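Peer 1: I am attaching a structure below and will ask some questions about it afterwards.
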Amino acid sequence: MRRVVVIVVFVIVAFWSRGMFAAPQAEAAMEAARSVRIYTEDFAPFNYTTDTGLAGAGADVVREMARRLGHDGKFEILPWKRALQIVDDTPGTAVFSMVRTAEREPEYKWVGPIIVTRGWLYKMTDSDLDIRGLEDARKVAAIGVQAGGAAERILHEKGFKNLASLYTPGNALQLLASDRIDLWEASDLVMEHQRRKFEIDPSEIEPVIGLGTYELYLAFSPQTPDFVVAPWQRVLDELRGDGTFAEIGRKYGVIIPSEEAEVLSDGDINLMTR
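First residue of the sequence shown: 1, per our numbering; consecutive thereafter.
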């Protein structure tokens, strides 16, 4: 009988101790999640600076995630390559809005998707170029791609020698319109934003090669512990469930992903300018 009592007491103490230590550990994990340093770039319409601060579909989603976690919501805006250098090497950091590709899969820890859009190679309608596929695209003088982005990386790996790396992608459509590049890789949302910004008629630009559907994420450094990343995915799931995603989507005219969203795939490759 005494042995049974001792075992019962031991079990009670064990569970009590586990609960006693679990709460501080959980709070420490949340505090670490709230302390993540987050970087982005100035690249409309996903995230961009305005007179009143950072705006964009990606920025609004991540800002709401941060608010619900108790994060201060302060995001540092840097050139994309510089942001990636920091996140690649520094635990407890993250960057948005980044496309998730097979090549990048092991390089980051992913929370998302925060946005879904579609990508194309564009040309000016009055161009003499006859582009029917990727092999035709290889023959042009210059394809504009964002420096450090997935398009630059994947097209380079596929043997493209005619890539023009753009360090200020916000004026890429101007470069296309002035014949400084022959083709421009961009999502439909980026193209539409720049078309309106530079007052170019829709009839003056056309998509020639579809590159697929792109999912954009909040990407954490690979050294960041899973217990730090997990709360961010949890609050993102909450946003998806309570209609906040849909509200942000209507505001910016972007596709907000859902569990039932169809994943489209046309073209030979799937890449994005992030």
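A virtual CB, placed ideally from N, CA and C, is assigned to each residue, including glycine. All values reported here derive from a predicted model rather than from experimental measurement.
Would you mind listing the alpha helix (DSSP H) stretches within the stretch 133-193 that are 4+ residues and don't spill past its ends, in chain order?
Peer 2: 134-137, 150-157, 172-177
Peer 1: In this structure, does DSSP put residue 210 in helix, strand or coil?
Peer 2: strand
Peer 1: Whole angstroms is fine: what's the gap from residue 49's alpha carbon to residue 141's?
Peer 2: 32 Å
Peer 1: Any idea what DSSP makes of residue 225, helix, strand or coil?
Peer 2: coil
Peer 1: Which residues in the same chain as residue 68 place their Cβ atom closer than 6 Å to its Cβ, once the five residues preceding and following it in sequence are excluded?
Peer 2: 235
Peer 1: Once the 5 residues before and after residue 90 are set aside, which same chain residues still bring their CB inside 7 Å of it?
Peer 2: 221
Peer 1: Check whether the stretch 74-94 and the stretch 224-231 are in contact - that is, three or more C-beta pairs closer than 8 Å.
Peer 2: yes
Peer 1: How many angstroms separate the CA atom of residue 13 from the CA atom of residue 213?
Peer 2: In this prediction, residue 13 has a pLDDT of 40, which is less than 50 and means its spatial position is unreliable; nothing more can be read from the coordinates.
Peer 1: Does the contact criterion of 3 or more C-beta pairs under 8 Å hold for the stretch 238-254 versus the stretch 118-131?
Peer 2: no
Peer 1: Rounding to the nearest angstrom, what Cα-Cα distance links residue 65 and residue 58 in this structure?
Peer 2: A direct Cα-to-Cα measurement between residue 65 and residue 58 gives close to 11 Å.
Peer 1: Taking only three categories from DSSP, how would you classify residue 37?
Peer 2: strand
Peer 1: Report the CB separation of residue 206 from residue 122 in whole angstroms; it is logged as a contact under 8 Å.
Peer 2: 7 Å
Peer 1: Quick check on the DSSP output: the alpha helix (DSSP H) that includes residue 70 runs from which residue to which?
Peer 2: Unbroken run through residue 70: none, as it is neither H nor E.
Peer 1: So, at 6 Å on beta carbons, what are the nonlocal neighbours of residue 172 in its own chain, with the 5 sequence-adjacent residues on each side left out?
Peer 2: Here the set comprises 144, 166, 184.
Peer 1: Measure the CB-CB distance between residue 84 and residue 148 and report whether it falls below 8 Å.
Peer 2: yes
Peer 1: From residue 70 to residue 34, what distance separates their C-alpha atoms?
Peer 2: If you draw a straight line from the Cα of residue 70 to the Cα of residue 34, it comes to about 6 Å.
Peer 1: For my contact list, residue 150 and residue 190 are in at a C-beta cut-off of 8 Å; report their separation, rounded to the angstrom.
Peer 2: Not quite, the Cβ-Cβ distance comes to about 13 Å (not below 8 Å), so this is no contact.
Peer 1: To the nearest angstrom, report how far apart residue 26 and residue 40 are at their CA atoms.
Peer 2: 28 Å
Peer 1: Please report the straight-line C-alpha distance between residue 30 and residue 133, rounded to a whole angstrom.
Peer 2: 49 Å
Peer 1: Taking the alpha carbon of residue 119 as the reference point, which residue from 86, 219, 215 has its own alpha carbon closest?
Peer 2: 215
Peer 1: With 16 other CB atoms within 10 Å as the buried threshold, where does residue 137 fall?
Peer 2: buried
Peer 1: Let me know the secondary structure DSSP gives residue 53 once reduced to three states.
Peer 2: strand
Peer 1: Quick one: what does DSSP say residue 252 is sitting in, helix, strand or coil?
Peer 2: helix
Peer 1: CA-CA distance, residue 174 and residue 44?
Peer 2: Counting only the Cα atoms, residue 44 lies some 15 Å from residue 174.
Peer 1: Can you tell which of 155, 124, 246, 244 has its C-alpha closest to the C-alpha of residue 179?
Peer 2: 124
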